[in-house]
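Working notes, structure below.
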DNA sequence: TTGGCAAAAGAGATCGATCTCATTGGGTGT
DNA sequence: ACACCCAATGAGATCGATCTCTTTTGCCAA
């Protein structure tokens, strides 16, 4: 009320600082900090006095100042190539939950698979002095920004994808084995013309050969499928293999291309959700019934698969758990653990009803 | 190499600070700052000398210190109730793009519709001194944390939901009108038994009356539907109205409940993606064909709808644009604009093939 | 009464970048 | 030759919380 116009009248002027609380409680900053921070020795009476003042001024610590002093931000940066697919989304849930219960905030940035944005994101996060970085790298080759420069010690853990020549810790799925198992399943059902629809960075078009810069997850899936072909003594037919940017129109175009071959594949392994959607759309266009005229296996389970008919067979990855493991590994490194580690979790092939048996071969 | 063990040998010890750059370039901190920051007056020669030193030491500014000094973090906080649905996801895209091109980072936190987590998220973001907050509030009643306390001036813009008694700016969809239009469409096709499946906070069960704490978006949709009933002179049948927590099992249970009424509704308006999935699953269980035995309209378009058969009619909200507008409004307030504003964007009813005509009534 | 000692509280430095306000220097005009 | 001015740079303060290192206070025993 009768505040005589000091700099901070506690009304709406400025946020209260520790020193304002100290003044109101008539103690020093050090004492106020002790009382609020619950360390050192403070009288019960003083503690209450300070608490009261803090409440009266609606005091909130300035985390910037605190981080500055402590050198820790209790924040990890998460850089993902694509937030919108089910895999990433669930993983992020795991990441947020795990980091949250360890007292860390997560700063999630999306790059849409663009290395430039990724570089920028990493720079910003390092400038914000995050304590650690979890990265789904967009590129296999352009990786200079991943390993922190001199002294930029914030540890890095790669998520879902590893980089061959970079000794960075990673948490990934056993994509090779999953892909191979899918092909094996097709083969067991009599398929010998098996198509591969592999999703790459969104800005790519579609083509039959592996793009120069393909991330490990996609490579592993391609290699796994090839291993599956080899298991069955099948030769690879390049016109049944398609790499496509992970965006609806491109996926559709690539799927159309696959299905317009003659002979056309009788089965398709779709490398991600977009590819699966593209394959479904293209199949429908030319009147192929899934699970009868065309067999299909996709990567990653999604909510809508529960209502899609026929029920689609998919490779289910332990998304949430991957996220948790990645955080746990990252935080152990934040804590000083120097041991390098690469975690690989297995995927599960869930065969529902989109793989048909072929009698004649 | 022959570094004589100073505190910072530039190898892997500590991140270089401005003062390290200044020392190496043999200038003062002030000059180094000027050279790097591109302000004030500096000789071309000095500028290069400093740039060289910065590069040699791999210098990165410490954003904490900078923000501390400037009082700005160039960061906005985004608190959403549920990242995983298509609506939020697309909106976040719009938010990130818009804020990014205005030079702001976005800090996205997810609350899963839990007010406690929301309060915590807002507290953390305020402590991190974000310049503004974009919030999808989880509750209509527990809102004390939304209006920043005294002096915590970071402006707040509500997203997708408004709070009746709180004079906060908001950016929302015309849910009332959209919902009414959907009901009108049902009515035009001869439907007189119209079910409502409204999604609420994830932790709720399902019930026929409006939960005490229902966010504006859901309320508006309910009211809009009721208005649609009134337009047609239809009475409300409470057993055709179901409020359900937005999580798969609950949505399914609620949908089952709706469809087990007798007489059962011939049309259902599903309040969000989960409700739509629940309705589809429940309809399939009892062998109702969508677009023939049961008509259906959902809220929000999603990628999988492109391949679902029959094509489902949905209310499409301008998700991306909503995000952009919200950021633009928020940043104008960050910039000092005091004018209060509420933006309402219209939704579009896309009628595909899930609304059947009923001949007899 | 006074020494001694522990409990409680205060003073001041620190984190790193930025910015205001000097200060230095070289040059020019008369 | 001297004053003056401007370009270029440096010194030091500032942002706010924390923490170490004093300093003060209070209490008890001798």
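Protein chains in written order, with the UniProt record's numbering: chain A, 1 to 361; chain B, 1 to 361. All residues carry an ideal CB built from backbone N, CA and C; glycine is no exception.
A direct Cα-to-Cα measurement between residue 37 of chain A and residue 23 of chain A gives close to 17 Å.
In this structure, residue 20 of chain A keeps its C-beta atom at 8 Å or more from the C-beta atom of residue 64 of chain A. Taking 7 Å as the upper bound on Cβ-Cβ separation, chain A lies near residues 58, 60, 61, 62, 63, 64, 65, 67 and 68 of the region 53-76 of chain B. Look at the beta carbons and you see the region 161-169 of chain B not touching the region 119-130 of chain B: under three pairs across the two are nearer than 8 Å.
Annotation: the region 94-122 of chain B contains the following complete segments of the beta strand (DSSP E) (minimum length 3 residues), in chain order: 105-110. Counting only Cβ-Cβ distances below 7 Å, residue 84 of chain B has contacts in chain A at 89, in chain order.
Judged by their CB atoms, residue 284 of chain B and residue 314 of chain A are not nearer to each other than the 8 Å cut-off. Sequence-distant partners of residue 94 of chain B (beyond 5 residues in either direction) whose C-beta falls short of 6 Å from its own C-beta, in its chain, are 320, 323 and 324.
Inter-residue distance for residue 153 of chain A and residue 186 of chain A is about 47 Å (C-alpha atoms, whole angstroms).
The C-beta separation of residue 234 of chain A from residue 192 of chain A comes to about 6 Å, placing the pair in contact by the 8 Å criterion.
By the CB criterion at 8 Å, residue 312 of chain B and residue 243 of chain B fall outside the cutoff. Burial check for residue 135 of chain B: the Cβ neighbour count within 10 Å reaches 16 or more, so the residue is buried. Rounded to whole angstroms, the gap between the alpha carbons of residue 228 of chain B and residue 220 of chain B is 12 Å. For residue 316 of chain A, the uninterrupted beta strand (DSSP E) segment begins and ends at 313-316. For residue 206 of chain B, the number of other beta carbons within 10 angstroms of its own is at least 16, and it is reported as buried.
Note on residue 105 of chain A: 16 or more other CB atoms within 10 angstroms of its CB, so buried under the neighbour-count rule. In this structure, residue 279 of chain B and residue 296 of chain B form a Cβ contact; the two beta carbons are roughly 6 Å apart against a cut-off of 8 Å. In the three-state reduction of the DSSP assignment, residue 297 of chain B falls in the strand class. Note: residue 173 of chain B is bridge-paired with B/345 in the DSSP secondary-structure output. Close CB contacts of residue 77 of chain A within its chain, under the 6 Å cut and outside five residues either way in sequence, are with 107, 125, 130 and 133 (chain order). When DSSP states are grouped into helix, strand and coil, residue 46 of chain B belongs to the helix group. Assignment of residue 334 of chain B by DSSP, reduced to helix, strand and coil, places it in the helix class. By DSSP's assignment, residue 261 of chain A forms no beta bridge with any residue. Proximity of the region 255-271 of chain A to the region 327-344 of chain A falls short of the contact definition, fewer than three beta-carbon pairs being nearer than 8 Å.
With 16 or more other Cβ atoms from the protein chains shown falling within 10 Å of its own Cβ, residue 175 of chain A counts as buried. The C-alpha of residue 293 of chain A lies about 8 Å from the C-alpha of residue 356 of chain A. Residue-level contact check: residue 105 of chain B touches chain A, since one or more beta carbons of chain A fall below 8 Å from its beta carbon.
Residue environment for residue 338 of chain B: exposed (fewer than 16 other C-beta atoms within 10 angstroms of its C-beta).
Scanning chain A for C-beta atoms nearer than 8 Å to the C-beta of residue 306 of chain B yields 248, 277 and 281, reported in chain order. Close to chain A, meaning a Cβ-Cβ distance shorter than 9 Å, are the following residues of the region 286-318 of chain B: 302, 303, 304, 305, 306, 307, 308 and 309. In the structure shown, residue 358 of chain A falls within a coil segment according to DSSP collapsed to helix, strand and coil. With at least 16 other beta carbons inside 10 angstroms of its own, residue 218 of chain A counts as buried. Looking only at A/44, A/54 and A/147, the smallest Cα-Cα distance to residue 15 of chain A is reached by A/54. By the rule that beta-carbons nearer than 8 Å mark a contact, residue 41 of chain B does not touch chain A. Only buried fits residue 59 of chain B, as 16 or more other CB atoms lie within 10 angstroms of its CB. Assignment of residue 229 of chain A by DSSP, reduced to helix, strand and coil, places it in the helix class.
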